[in-house]
Amino acid sequence: MRDGIFLYGHYVSVQIKSMMQYKKSFMLAVMGQFLTSFNTFLGMFFMFQRFSAVGGFTYSQVVLCFGIFLMAFTLAECVARGFDTFSSIVRKGEFDRVMVRPRGLVLQVLGSRFELSRIGRMLQAVVMFIYGMRTSGICWDMPRVMTVVFMVAGGAVLFFGIFLAGAALCFFTLESLEIVNIFTYGAREFGTYPVGVYGKNILRFCTFVVPYGLVQYYPLLFLLGKREEVWRMFAPLLAAVFVVPCYGLWRVGVRRYQSAGS
Amino acid sequence: MKKYTSFFRLRFAMGLSYRAAAWAAVSTQFAWGVMEIAMFQAFYQAEPERFPMTLEAAVSYVWLQQAFLALFAAWMLEAEVFESIKDGNIAYEMCRPMKIYPMLFVRALAMRVSRAALRFGPVLLVASLLPGAYGLRAPQGIDRFCLFFGAMILGVLVTVAFGTLVYGITFFTISPEGLRLLVTSAMDFFNGAIIPLPFFPDEMRKVMEVLPFAAMQNVPLRVYSGDLAGAAAARAVILQLVWLAVLVAAGRIVMARAERKLTVQGG
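If you read the protein sequences in the order shown, they are chains A and B.
So that you can map any letter, position 101 of the first sequence is 107 in the numbering used here, and since no number is skipped, the others follow by simple counting.
So that you can map any letter, position 238 of the second sequence is 259 in the numbering used here, and since no number is skipped, the others follow by simple counting.
Okay, structure coming up:
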């Protein structure tokens, strides 16, 4: 285990070093990451110039929600980008090389890409979080702080699971499925607003199928003091269980993998 | 002229061959549309009196936007073209017995139209079958439909003319990535891809509506539902024509200058 962490750290440092060889394109990538989610923010900002609330949430509450959700997403994307671009690893036949090495597969794929450029988006998420934290009138006590930590961690694990499942599907299709993007990049866009806003059916989907609601909507209500049930605080931990079937799918995929590429 | 039409046909056929990608895109666009409509509906339910268009108009805006995404999307600026300008391969294109401006224009047009041709049918079909507030309604009146159709053609031409102008400007920079980033996000913001222009505050909207970006998808998508009608619609279409002329002229001038002083780097 310790050995694995050390190895991963080594992977990351190599990646960062190589990225720093091209400082200008790194800066551009950072800027690009920032601009895409900044546009999403602007859309929301201007909606609230016109409307005072949506689904019972005010502007600062939505900013807080978006900030937390975007932090979780960005953490996951930063680490799991190797899974997001996994189809190219499979198609080029690089996965064969991964399999002959005496190390865990997941660890190696994780190490293959570390996207420091997501720092541009992270910065935005943190700024939004701080703004939301100070303006949404929450009295910060221990359970509330813990809730935020759980939301970020649970959300990151959830998105990690989705990236992993998306990669696992590549074993069957050999190409990346665009439909997976709905659950990653689509969720990032629409996670701006608490998912309860989108109506009953979508909330149901986001509770029982892909549990975005458990890391976002339900604990958010507790955080904002709209609801008091304590289970809401721990809901993100339940959502993290989502990673288990995703890993199962990955295992199945690995087992039936028959090499590809040249 | 004939060589440009056959070049168009060639690129169009090329675009049509990516069928699997199109099916995948259809499902994504469909999910995107549903979520977007759910969002607008939430705002509508909260404060209907502040909603700047009818809900039905917003719904048709979203569906048409998703169906014809390939026609107007900012990210459809081709990375391949930027790359070839950067690495010098564009020189091969310039050797061909065609003018560079119309060639790039036709190429971009063919790509957008071919991609849209594969996608809009299924999205519109399913959207029109959806029940209740989520469904896309048929346009009222044949004249409105004709206006919509005309505004859409102009909108695509303006989008392509703008993109080709950007390609032209790229000739004067060594690395196009930064320019591309800025242009795509500005385009998304100002052309109504993120939220339709009527949702912006009034003073801001007045400025945005005369920019070239508003002459892209903004006009056809709002004409369809009648959100933009009468004198306002006529003004918008005239503005589309003006911008098309200006952008094409600017594009040709920039491209001609680029051609004259082009130094190919690399070999």
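Note that the Cβ used here is the ideal one computed from N, Cα and C, for glycine as well.
Small disclaimer: the values here were computed from a predicted structure and weren't measured.
| Check | Outcome |
| --- | --- |
| Interface residues of the stretch 204–219 of chain A facing chain B [CB-CB below 8 Å] | Tyr204, Gly205 and Ile208 |
| Extent of the continuous alpha helix (DSSP H) to which B/Asp248 belongs | Looking at the DSSP string, B/Asp248 is not in any alpha helix (DSSP H), and its letter there is neither H nor E. |
| Beta-carbon separation (whole angstroms), A/Thr153 vs A/Arg119, contact threshold 8 Å | The Cβ separation is near 31 Å, so there is no contact. |
| Buried or exposed by the 16-neighbour rule on C-beta atoms within 10 Å, applied to B/Leu218 | buried |
| Alpha carbon of A/Ile11 to alpha carbon of A/Ala86, nearest angstrom | 15 Å |
| Coarse secondary structure for A/Arg261, derived from DSSP in three states | helix |
| Local conformation of A/Val60 per DSSP, three classes | strand |
| Residues near A/Phe40 by beta carbon distance below 8 Å, same chain, minus five either side | Gly126, Arg127, Leu129 and Gln130 |
| Cβ-based contacts, 7 Å cut-off: residues of the stretch 207–233 of chain B near chain A | Asp209, Phe210, Ile215, Ile216, Phe220, Phe221 and Pro222 |
| Distance between B/Lys24 and B/Asp209 (C-alpha atoms, nearest Å) | 33 Å |
| Proximity test, Cβ basis, 8 Å: B/Arg256 and chain A | no |
| Per-residue DSSP class, three states only, for B/Phe210 | helix |
| Exposure label - A/Met134; buried when at least 16 CB within 10 Å | buried |
| Under 7 Å (Cβ pairs) to chain A, residues found in the stretch 46–58 of chain B | Ala46, Ser48, Thr49, Ala52, Trp53 and Met56 |
| Candidates A/Ala246, A/Pro200 and A/Lys206: closest to A/Tyr224 by CA position | A/Pro200 |
| Integer-rounded CB distance, given that B/Gln87 should sit under 8 Å from B/Gly36 | 19 Å between Cβ atoms; not a contact. |
| Exposure label - A/Asp9; buried when at least 16 CB within 10 Å | exposed |
| Helix, strand or coil at A/Pro242 [DSSP, three-state] | helix |
| Nearest to A/Lys23 (by Cα), restricted to the options A/Arg109, A/Leu48 and A/Ser123 | A/Ser123 |
| B/Gly156 to A/Thr64 span [Cα, whole Å] | 29 Å |
| Exposure of B/Met22, with buried meaning 16 or more beta-carbon neighbours within 10 Å | exposed |
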